[in-house]
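As you go down the protein sequences, you meet chains A and B in turn. Anchor point for the first sequence: position 159 equals 159 in my numbering, and the numbering is continuous, going up by one each time. Anchor point for the second sequence: position 34 equals 232 in my numbering, and the numbering is continuous, going up by one each time.
There are 2 protein chains.
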Amino acid sequence: MTNISRLANFVADAARIVESGSGEAAIVAELSPKLKALVSVDDWLPAAYAVADGKAYQQHLLYADPLDRFSVVSFVWGPGQGTPIHDHRVWGLVGVLRGEEISVSYARSGDGSLEAGPAERLPQGSVGAVSPDIGDIHAISNGLPDRSSISIHVYGGNIGTIRRSIFDARTGSARDFISGYSNEAVPNLWLRRQAETA
Amino acid sequence: MTNISRLANFVADAARIVESGSGEAAIVAELSPKLKALVSVDDWLPAAYAVADGKAYQQHLLYADPLDRFSVVSFVWGPGQGTPIHDHRVWGLVGVLRGEEISVSYARSGDGSLEAGPAERLPQGSVGAVSPDIGDIHAISNGLPDRSSISIHVYGGNIGTIRRSIFDARTGSARDFISGYSNEAVPNLWLRRQAETA
Ligand SMILES: [Fe+3]
Ligand SMILES: [Fe+3]
Ligand SMILES: [Mg+2]
Chain A
1 MTNISRLANF VADAARIVES GSGEAAIVAE LSPKLKALVS VDDWLPAAYA
51 VADGKAYQQH LLYADPLDRF SVVSFVWGPG QGTPIHDHRV WGLVGVLRGE
101 EISVSYARSG DGSLEAGPAE RLPQGSVGAV SPDIGDIHAI SNGLPDRSSI
151 SIHVYGGNIG TIRRSIFDAR TGSARDFISG YSNEAVPNLW LRRQAETA
Chain B
199 MTNISRLANF VADAARIVES GSGEAAIVAE LSPKLKALVS VDDWLPAAYA
249 VADGKAYQQH LLYADPLDRF SVVSFVWGPG QGTPIHDHRV WGLVGVLRGE
299 EISVSYARSG DGSLEAGPAE RLPQGSVGAV SPDIGDIHAI SNGLPDRSSI
349 SIHVYGGNIG TIRRSIFDAR TGSARDFISG YSNEAVPNLW LRRQAETA
């Protein structure tokens with residue numbers, strides 16, 4: 001039995017913060033330490049949402065606000081797995097729950113191509129951010145060659161449903177994609193039936 | 199593949215209505231026709247949440263607001279199954295998706311016992327209401343002797359987590375209970391991964 005109430009409490013905090021009417025910078029500033037606390041203890045993610053796949057990384061939805069104001073997703077990276085270069089169109093926070101990740105940011109250069117910044121290592125317990133304001137284009141990959149890594153991402157929208165872009169670094173050209181999610185069912189964050197019936 | 203977007207749209211409507219700041223009567227008046235529309239088409243409930251159990255009726259959480267403002271639950275009644283006499287402490291709407299239900303309301307009489315009102319038949323497609331304001335004590339059972347019935351309930355709180363009462367009709371005495379939920383996972387209301395990955 002996992003300690004799912006940690007995730008329930010985080011989702012409640014996120015709902016409160018996102019519904020407060022604060023702007024992006026304030027939301028991200030308030031939510032980052034909550035995500036850091038969530039990924040500092042690895043006892044709450046149910047096994048179904050920690051499963052890697054040999055073919056591609058998995059993005060398991062954990063919770064999405066019905067009014068598309070935020071979503072929480074578990075990304076599971078097998079050895080050697082990573083994303084193409086992509087954007088988000090909304091703010092995003094990345095917290096590393098297990099293992100580690102490598103994040104590379106990209107900036108448009110004069111000739112239209114995308115120039116890679118330095119590879120940033122995100123160790124277990126760390127939190128990074130992306131957004132249209134602070135830099136929205138990156139690629140993420142597993143930082144471990146021999147094991148899965150898992151990161152918990154929070155976005156300022158229902159990320160699996162947003163039409164966004166995948167980029168070719170050399171030409172800078174973009175093509176549309178909508179990521180969807182890997183899972184048919186999300187965790188029940190609240191208590192399961194006790195002895196009692198009614 | 200079920201048409202899960204019907205449920206996603208209903209949950210979004212419910213979130214909008216519940217967050218509007220209206221009072222209970224206005225919320226219930228606005229939400230009732232949405233629930234009636236939801237239960238008028240039986241093509242959206244995933245099979246996992248339509249499963250009866252030989253021992254007791256099932257209450258499958260479909261969605262709960264992280265701030266406990268509302269919840270949506272699928273109740274599955276096998277032949278002969280029904281609830282004890284119970285209350286809710288919050289408003290509740292009952293919409294019959296499949297089969298039919300019998301609802302009996304109870305009122306406190308002079309000697310402290312609970313007096314049963316007439317048995318009300320809720321056919322497929324109908325919507326009923328309970329609440330502390332309009333009468334909060336009832337018992338529900340399957341109206342069909344030979345098949346399962348399924349009803350979709352919406353409550354003005356996270357019903358599985360609320361401490362409420364089960365009653366003895368003769369003495370009127372109450373005992374505490376918290377119902378919980380039957381399921382470990384709830385439906386992903388949003389799109390599953392397409393061909394594309396990122
Ligand atoms: Fe990303
Ligand atoms: Fe009831
Ligand atoms: Mg909400």
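Backbone N, C-alpha and C fix where the C-beta goes; we use that ideal spot for every residue, glycine too. Remember, it's a predicted structure, so these values are computed and weren't measured experimentally.
B/THR281: CB within 7 angstroms of a non-hydrogen atom of ligand 2
yes
Please confirm if the segment 324 to 337 of chain B is in contact with the segment 250 to 263 of chain B, defined as three or more CB-CB distances below 8 angstroms between the two stretches.
no
Could you check if B/GLU313 is buried or exposed, using at least 16 other CB atoms within 10 Å of its CB as the buried criterion?
exposed
Please indicate yes or no: does the CB of A/VAL28 lie closer than 7 angstroms to some heavy atom of ligand 1?
no
First and last residue of the beta strand (DSSP E) that includes B/PRO244?
Taken as a continuous stretch (DSSP letters only), B/PRO244 belongs to no beta strand (DSSP E), as it is neither H nor E.
Output needed in chain order: residues of the segment 272 to 283 of chain B with a Cβ under 8 angstroms from some Cβ in chain A.
THR281 and PRO282
8 angstroms Cβ cutoff met for A/GLU101 and A/SER141:
yes
Per-residue DSSP class, three states only, for A/SER5
helix
For B/ALA250 and A/ARG192, what's the separation of their Cα atoms in angstroms?
17 angstroms
Does B/ALA223 pass the burial test, meaning 16 or more other C-beta atoms within 10 Å, or should it be called exposed?
exposed
If the cut is a Cβ gap below 8 angstroms, which residues of chain A does B/ARG296 touch?
Per Cβ cutoff of 8 angstroms: no residues; B/ARG296 is ~21 angstroms from chain A at best.
Once DSSP output is grouped into helix, strand and coil, what is the label at B/GLU318?
strand
I want to verify the contact list: residues of chain B whose CB lies under 7 angstroms from the CB of A/TRP44, in sequence order.
Those within 7 angstroms of A/TRP44 in chain B number zero; the least Cβ separation is about 14 angstroms.
Closer than 8 angstroms, CB to CB, is A/THR161 near chain B or not?
yes
Which ranges would you report for the beta strand (DSSP E) in the segment 254 to 321 of chain B if only whole runs of at least 3 residues count?
256 to 262, 269 to 275, 290 to 296, 299 to 306 and 312 to 320
Please classify B/PRO321 as buried or exposed, where buried requires at least 16 neighbouring CB atoms within 10 angstroms.
exposed
For B/SER329, which of helix, strand or coil comes out of DSSP?
strand
Taking Cβ-Cβ distances below 8 angstroms as the criterion, which residues of the segment 168 to 193 of chain A are in contact with chain B?
PHE177, ILE178, SER179, GLY180, TYR181, SER182, ASN183, GLU184, ALA185, VAL186, PRO187, ASN188, LEU189, TRP190, LEU191, ARG192 and ARG193
Does B/VAL249 come within less than 8 angstroms of chain A when only Cβ atoms are used?
no
Give the secondary structure of B/ALA367 by DSSP, where H, G and I count as helix, E and B as strand, and everything else as coil.
coil
Shortest alpha-carbon distance to B/PRO316 belongs to which of B/SER349, B/SER303, B/GLY310 and B/GLY354?
B/SER303
On the CB-based measure, 16 or more other CB atoms within 10 Å of its CB, does A/ARG163 come out buried or exposed?
exposed
Is the Cβ of B/PRO330 closer than 8 angstroms to any Cβ of chain A?
no
Residues bridged to B/PHE375 [DSSP beta-bridge criterion]
B/ARG362
Is it buried or exposed for B/GLU394, if we count other Cβ within 10 angstroms and need 16 for buried?
Since pLDDT at B/GLU394 reaches only 44, below the 50 mark, its modelled position is unreliable, and the value read off the structure follows with that caveat. With fewer than 16 Cβ atoms within 10 Å of its Cβ, B/GLU394 is classed as exposed.
A/LEU61: contacting residues in chain B (beta-carbon distance under 8 angstroms)
ASN386 and TRP388
Within its chain, find whatever has a CB closer than 7 angstroms to the CB of B/GLY378; leave out the 5 residues flanking it on each side and keep chain order.
GLY358
Of the choices A/ALA56, A/PRO145, A/ILE4 and A/PRO79, whose alpha-carbon is the least far from that of A/ALA47?
A/ILE4
List the residues of chain A whose Cβ lies closer than 7 angstroms to the Cβ of B/ASN356, in chain order.
TRP190
For B/ALA248, name the three-state secondary structure that DSSP assigns.
coil
Would B/ALA212 pass as a contact of B/LEU229 if the rule is Cβ separation under 8 angstroms?
yes
Have a look at A/ALA198 and B/VAL274 and give me their C-alpha separation to the nearest angstrom.
Any answer about A/ALA198 is weak, because its pLDDT of 44 lies below 50 and its placement is not dependable; what the coordinates show is given next. C-alpha separation (whole angstroms): 12 angstroms.
What residues are listed by DSSP as bridge partners for B/ASN340?
B/GLU299
DSSP three-state call for A/ILE137: helix, strand or coil?
coil
Could you give the residue range of the beta strand (DSSP E) that holds B/SER349?
347 to 353
When you measure from the CB of B/VAL328 to every non-hydrogen atom of ligand 2, does any distance come out below 7 angstroms?
yes
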